[in-house]
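K.L.:
Below is the structure I would like to discuss, written out as structure tokens.
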Amino acid sequence: MDENALIEGMARGDQRAFREFVERYKKKVYYLALDMAGNPVDAEDISQEVFLKVFRSFATFKKGAKLGSWLYRVTYNASIDHLRRKGNVPEPVGDDVLDSLSQGSTGLPSMPVKDPAQSAESSQLQARIARALETVSPQEKAVFLLRHYDGLMLKDIAASLGLSIGSVKSYLFRAVRKLQKELGGSAVISGVEAPHD
Amino acid sequence: MINCRTSKDRMIEAFYGGLDPAEKERFDDHLSSCPECASEYSVMAATLKLMDKRERPDPGPEFWDGYWDRLLRRKVWEEAGEGRRPSLGARFLQIFSRLPRWSYQTAGAAALLLVGILIGSRLINPPAPLSTRGAGDSGVVQAENYIERSKILLLGLVNYDAATEDAYAFDLGRKKTMSRELAAEAPAIRGALNERGQKRLRGLVSDLEVIMMQIANLGSGQDVEGVELIKQGVDRRGLFLKIDLDRMGRAARDPVEPASPKGETKLPKKNKI
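One line per chain: the protein sequences are E and B, in this order. Letter by letter, the first sequence follows residues 28 to 224 of the numbering used here. Letter by letter, the second sequence follows residues 2 to 274 of the numbering used here.
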């Protein structure tokens, strides 16, 4: 079933189309929720909430919009709501502030880098990566995850999360800087070469 | 040629291949003539490459296979909840809103009198412990009973070692029958756990239901491979830990309840949690 047929089926309330939709996107939604919420129980709960919300409010989906982007947005909002209920999320910085920051990366001080040469062991590395991600705000994390792991372009992230491109650039920049600070840039480090393409 | 500021602004997109060819060429030209930017880019790129090594736990095929069924069950359950009649309290409020003021005053006085009588009677005859209470907690009591029976069945299963133990004594057929019965009971129990604060208990019953369904659907014979998969599922879901946490939570809420004679859950021999 192609995306248009899927959208038409879901607009008609066709349960088969809804099932196809769930099968197609369940992993993306679950993993984004897992990354945002940090534990599998909450991730399943959020992902189910997302699909039920989609099922019940599909009428609000604008024809011609990208289904995937819309779904990311619903997932992101559900995750933020969840974190907010748990008291884990700061209020987002205003778009105007982020836009001004995005005009130049020099808005943030350069971070001293650590030497992570010893962090070769996989389990230690995973723990360090997890800790590094904890230092990133939910908004920054969402932008980073969509760019780094899902390969979304900045404009698609902006559309998915309802942000301006400038804000997306700022969030991404701040996320990368924080990760770099935590993981140690000179890491370069323990065998990880920079690309030269 | 671009300057350092523009170069820094474009570094992340350069890494992700988001620059157009002309921009990329100007960016590369700048890096080749600016050691500071080249070094900064190298550090950033290394960090992002390190992030590629991140692993996310896969909940496993049985989680994904059962995803749709669990979602559908939740949908049906939530829709059933939405269609329910207003609560007794809400209906009382509706009736009260239509009464004259003197009736509130009379009702208030009567309520105060009733509270006084209740306090007096409780001082003379203290209430029974939670575990012996009836109707109001019936959902919780049923769930506790369900969890206890499921736990006994699961312990028998996860502690079974096909290499050293008698397959006939293990009696998988009987365990499958019991699991089928437990799986069939679960929806009604979950349905009764519809109050605030019962979400975790409901989730535990739901997890056990999935495992019971899987046991009920094991193949004929001893199906050692299937049993191993179930053990892994129990392990992955941390079911024994959840059961013990649930018991500790209940003990904390209801200190008068005597401790279980069985004590804490005996962890499986192989699949330590």
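C-beta: ideal position from N, C-alpha, C; glycine also.
Which of the three DSSP states is assigned to residue 3 of chain B in this structure?
P.N.:
Coil.
K.L.:
Figure out for me which residue from B/207, B/251 and B/68 has the closest Cα to the Cα of residue 78 of chain E.
P.N.:
For the residues B/207, B/251 and B/68, the minimum Cα distance to residue 78 of chain E belongs to B/68.
K.L.:
For a cutoff of 7 Å on Cβ pairs, would you count residue 1 of chain B as touching chain E?
P.N.:
Any question about residue 1 of chain B goes unanswered here, given that chain B covers just 2 to 274.
K.L.:
Count the other CB atoms, across all protein chains shown, that sit within 10 Å of the CB of residue 166 of chain E; report buried if there are 16 or more and exposed otherwise.
P.N.:
The residue in question, residue 166 of chain E, is buried, as its Cβ has 16 or more Cβ neighbours within 10 Å.
K.L.:
Could you check what DSSP says for residue 163 of chain E in three-state terms: helix, strand or coil?
P.N.:
It is coil, neither helix nor strand.
K.L.:
When the cut-off is 7 Å and only beta carbons count, does residue 56 of chain B lie next to chain E?
P.N.:
Cβ-Cβ to chain E under 7 Å: yes for residue 56 of chain B.
K.L.:
Using alpha carbons as the reference points, say which of B/3, B/149, B/35 and B/141 lies closest to residue 197 of chain B.
P.N.:
For the residues B/3, B/149, B/35 and B/141, the minimum Cα distance to residue 197 of chain B belongs to B/141.
K.L.:
Rounded C-beta distance between residue 52 of chain B and residue 34 of chain E? I'm assuming under 8 Å.
P.N.:
33 Å between Cβ atoms; not a contact.
K.L.:
Reducing DSSP to helix, strand and coil, say where residue 89 of chain E ends up.
P.N.:
Correct three-state label for residue 89 of chain E: coil.
K.L.:
Rounded to a whole number of angstroms, what is the C-alpha to C-alpha distance between residue 28 of chain B and residue 2 of chain B?
P.N.:
Roughly 8 Å between the two C-alpha positions.
K.L.:
I think residue 247 of chain B touches residue 153 of chain B, with their Cβ atoms under 8 Å apart; what is that distance to the nearest whole Å?
P.N.:
Not a contact, Cβ separation roughly 15 Å.
K.L.:
State the Cα-Cα distance for the pair residue 174 of chain E and residue 219 of chain B, rounded to the nearest angstrom.
P.N.:
Each residue's Cα considered, the two are about 42 Å apart.
K.L.:
Measuring only the C-alpha atoms, how far is residue 70 of chain E from residue 77 of chain B?
P.N.:
Using only the alpha carbons, I get a separation of about 20 Å.
K.L.:
Going straight from the alpha carbon of residue 19 of chain B to that of residue 10 of chain B, what length do you get?
P.N.:
Cα to Cα, the separation comes out at about 12 Å.
K.L.:
For the putative contact between residue 39 of chain B and residue 25 of chain B, defined by C-beta atoms under 8 Å, what is the C-beta separation to the nearest angstrom?
P.N.:
In fact, because the Cβ distance is near 15 Å, the residues do not count as touching under 8 Å.
K.L.:
Ignoring anything shorter than 3 residues or poking outside the stretch 168 to 194 of chain E, list the beta strand (DSSP E) runs there in chain order.
P.N.:
Correct list: empty.
K.L.:
Straight-line CA distance for residue 112 of chain B to residue 81 of chain B?
P.N.:
Taking the straight line from one Cα to the other gives about 34 Å.
K.L.:
How about residue 244 of chain B: is its C-beta nearer than 7 Å to some C-beta of chain E?
P.N.:
By this cut-off, residue 244 of chain B is not an interface position.
K.L.:
Going by CA-CA distance only, name the one from B/252, B/201, B/8 and B/209 that's closest to residue 36 of chain B.
P.N.:
Answer by Cα proximity: B/8.
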